[in-house]
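S.K.:
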Amino acid sequence: MRLAVVTVTLAAGTAGTDDYVETVLTVTIPAGATQGVVNLTIVDDNIDEATESLTAVGTATNATTSSPATVTILDDATDTPAITLGDVTVTEGTDPTAVIPVTLSNPSDEVVVVTVTLAAGTAGTDDYVETVLTVTIPAGATQGVVNLTIVDDNIDEATESLTAVGTATNATTSSPATVTILDDATDTPAITLGDVTVTEGTDPTAVIPVTLSNPSDEAVDVTVTLAAGTAGTDDYVETVLTVTIPAGATQGVVNLTIVDDNIDEATESLTAVGTATNATTSSPATVTILDDATDVPAITLGDVTVTEGTDPTAVIPVTLSNPSDEVVVVTVTLQQEQMIM
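Mapping the sequence shown onto our numbering, position 237 (from 1) lands on 425, and the numbers just tick up by one.
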């Protein structure tokens, strides 16, 4: 009886030579025996793979060649790749898209199609284009990106954010990633105050228009500060004027009380400036106050009786019906009356 030296030859199938150590495998079966084994080293990689197989054929010089045997390699369950989405920060008006990185923890031997689902947070669907985002990561690769379109509006907004989650049929779902949207600095609204002209005695208030160049997503509290000009604080009621312009709106007014006196005055004016913590300060606006036409004073001369030889002068009283804010020079014209005897 003779011993049999069996050589086992391997043939790659769906399992390739990166899945096992390719080498010559032999086993010596002693004379009189019928059993032996060969040991094929399996490569433990981190690639996510389907079940794979190869074949093995045994030959010997003194035995009949075997039929192919199948070696089946089940994949390590821990090789299923995990999806990670990267956080990203963009500036509205500067960055038209948010480029969200999509990463697999390890490669797969088949393509991984990742679907990225968005969830509104403080950023709503008017801040970005809501759509299905997908990226195909090729077999063997681990990197990809999805592009989220950012809406460039003219609304002044606080920093906002939304979340994104990546899923795939052959990878583990990601934790939520955050997309942060910084607002366009040019969206800060500018305050404009309108010039206004009123007539004392006719208009009890000057209604000053307050306008924002563009809306804000939060209320804008505008404080209007007055500065006396030719009109002083006896011409209007000096007070703090404020108006709250609601989120999304651009218009408001403040009401300045005008003092109706009986003083004859020239046309006068004062200025008003609007400020807010979340808007740009306005240029000065002018409030013009026209005088009440009835304030023009009327002259009255008093009758007087004197005795010639006793009173060297006749003191004629000159009276204005109401004061003026400038001197009034009165010229008295005398007319001779004829006494009827």
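For every residue, glycine included, the Cβ atom is placed at its ideal position computed from N, Cα and C.
1. Excluding the 5 residues flanking residue 465 on each side, which residues of the same chain have their C-beta closer than 8 Å to its C-beta?
2. Beta-carbon separation of residue 489 and residue 506 under 8 Å?
3. Taking the DSSP output, what are the residues bridged to residue 289?
4. So does residue 337 have its beta carbon nearer than 7 Å to some heavy atom of the ligand FMN?
5. Please classify residue 241 as buried or exposed, where buried requires at least 16 other C-beta atoms within 10 Å of its C-beta.
6. Among 334, 198 and 287, which residue has its Cα nearest to the Cα of residue 229?
7. Here's the rule: buried if 16 or more other CB atoms are within 10 angstroms of the residue's CB, otherwise exposed. What is residue 452?
8. Using the three-state DSSP reduction, which class does residue 236 fall into: helix, strand or coil?
9. So for residue 207, helix, strand or coil by DSSP?
10. What are the start and end residues of each continuous beta strand (DSSP E) run of 3 or more residues lying completely inside the stretch 387-419, in chain order?
11. Locate the beta strand (DSSP E) running through residue 489, then write down its first and last residues.
12. So what's residue 344 in DSSP terms, helix, strand or just coil?
13. Please report how far the alpha carbon of residue 234 lies from the alpha carbon of residue 295, in whole angstroms.
14. Out of 391, 509 and 401, which has the shortest C-alpha to C-alpha gap to residue 469?
15. Touch check for the stretch 338-352 and the stretch 305-325: three-plus C-beta pairs under 8 Å?
16. In whole angstroms, what separates the C-alpha of residue 326 from that of residue 346?
17. For a quick check, are the C-beta atoms of residue 475 and residue 339 less than 8 Å apart?
18. Pull the bridge partners of residue 349 from the DSSP assignment, please.
19. Sort out for me which residues DSSP pairs residue 227 with in a bridge.
20. Should residue 406 go down as buried or exposed, given a rule of 16 or more other Cβ atoms within 10 Å for buried?
21. If you follow the beta strand (DSSP E) that residue 492 is part of, which residue opens it and which one closes it?
22. Taking only beta-carbon atoms, is residue 334 less than 8 Å away from chain B?
23. Identify the continuous beta strand (DSSP E) that holds residue 439 and give its terminal residues.
24. Assuming residue 477 contacts residue 388 under a Cβ cut-off of 8 Å, what Cβ separation, rounded to an integer in Å, is found between them?
25. Please state if the CB of residue 396 and the CB of residue 460 are separated by a distance shorter than 8 Å.
26. Please confirm whether residue 292 and residue 300 have their CB atoms less than 8 Å apart.
27. Mind checking which residues open and close the beta strand (DSSP E) that includes residue 458?
28. Counting along the chain, where does the beta strand (DSSP E) carrying residue 193 start and finish?
29. Let me know the secondary structure DSSP gives residue 545 once reduced to three states.
30. DSSP three-state label for residue 373, please.
31. The beta strand (DSSP E) with residue 305 in it runs from where to where?
32. At which residues does the beta strand (DSSP E) containing residue 506 begin and terminate?
M.R.: Reading off the structure:
1. Residue 465 sits at position 277 when you count from the first residue of the sequence shown. Excluding sequence neighbours, residue 465 sits near 409.
2. Start at 1 with the first residue of the sequence shown, and residue 489 comes out as number 301. Start at 1 with the first residue of the sequence shown, and residue 506 comes out as number 318. Yes, Cβ-Cβ distance for residue 489 and residue 506 is below 8 Å.
3. Position 101 of the sequence shown, counted from the first residue, corresponds to residue 289. In DSSP, residue 289 forms a bridge with 333.
4. Among the components of this structure there are no ligands whatsoever, and the ligand FMN is therefore not found.
5. Working through the sequence shown from its first residue, we reach residue 241 at position 53. Answer is exposed; the Cβ neighbour count stays below 16.
6. The residue you call residue 229 lines up with position 41 of the sequence shown. Across the set 334, 198 and 287, the C-alpha of 198 shows the shortest separation from the C-alpha of residue 229.
7. For this step, residue 452 is matched to residue 264 along the sequence shown. Buried, since its Cβ has 16 or more Cβ neighbours within 10 Å.
8. Walking along the sequence shown from the start, residue 236 turns up at place 48. Strand, per DSSP.
9. Here the question's residue 207 lines up with position 19 in the sequence shown. The DSSP-derived three-state label of residue 207 is coil.
10. 393-400 and 408-416
11. Taking the first residue of the sequence shown as 1, we reach residue 489 at position 301. Its beta strand (DSSP E) spans residues 487-489.
12. In the sequence shown, the residue the question calls residue 344 occupies position 156. Strand, per DSSP.
13. As a position in the sequence shown, residue 234 is number 46, starting the count at 1. As a position in the sequence shown, residue 295 is number 107, starting the count at 1. Going by the C-alpha atoms only, they are around 7 Å apart.
14. Counted from its first residue, the sequence shown places residue 469 at position 281. Answer by Cα proximity: 401.
15. yes
16. On the sequence shown, position 138 is the one that residue 326 refers to. On the sequence shown, position 158 is the one that residue 346 refers to. So the alpha carbons of these two residues sit roughly 39 Å apart.
17. Taking the first residue of the sequence shown as position 1, residue 475 is located at position 287. Taking the first residue of the sequence shown as position 1, residue 339 is located at position 151. No, the pair does not count as a contact, with Cβ atoms beyond the cut-off.
18. Taking the first residue of the sequence shown as 1, we reach residue 349 at position 161. The partner list for residue 349 (beta bridge, DSSP) reads 368.
19. As a working note, residue 227 is residue 39 in the sequence shown. Note: residue 227 sits in no beta bridge, so no partner.
20. In the sequence shown, the residue the question calls residue 406 occupies position 218. The residue in question, residue 406, is exposed, as its Cβ has fewer than 16 Cβ neighbours within 10 Å.
21. Within the sequence shown, the letter at position 304 stands for residue 492. Neither: residue 492 is in no beta strand (DSSP E) and is coded neither H nor E.
22. No chain B appears in the structure shown, which is made up of a single protein chain.
23. Against the sequence shown, residue 439 aligns to sequence position 251. First-last of the beta strand (DSSP E) with residue 439: 439-445.
24. By one-based count along the sequence shown, residue 477 stands at place 289. By one-based count along the sequence shown, residue 388 stands at place 200. Contact holds; Cβ gap of about 6 Å.
25. Within the sequence shown, residue 460 is the residue found at index 272, counting from 1. Within the sequence shown, residue 396 is the residue found at index 208, counting from 1. In this structure, residue 460 sits near residue 396, with a CB-CB distance shorter than 8 Å.
26. Locating residue 292 in the sequence shown gives position 104, where the first residue counts as 1. Locating residue 300 in the sequence shown gives position 112, where the first residue counts as 1. For the 8 Å CB-CB criterion, residue 292 and residue 300 form a contact.
27. Residue numbering aside, residue 458 sits at position 270 when the sequence shown is read from its first letter. First-last of the beta strand (DSSP E) with residue 458: 456-463.
28. In the sequence shown, counting from the first residue as 1, residue 193 sits at position 5. Note, residue 193: beta strand (DSSP E), 192-200.
29. Because the chain in this structure spans residues 189 to 529, residue 545 falls outside the shown range and cannot be described.
30. By one-based count along the sequence shown, residue 373 stands at place 185. When DSSP states are grouped into helix, strand and coil, residue 373 belongs to the helix group.
31. Residue 305 sits at position 117 when you count from the first residue of the sequence shown. Per DSSP, residue 305 belongs to the beta strand (DSSP E) from 300-308.
32. Taking the first residue of the sequence shown as 1, we reach residue 506 at position 318. Per DSSP, residue 506 belongs to the beta strand (DSSP E) from 506-508.
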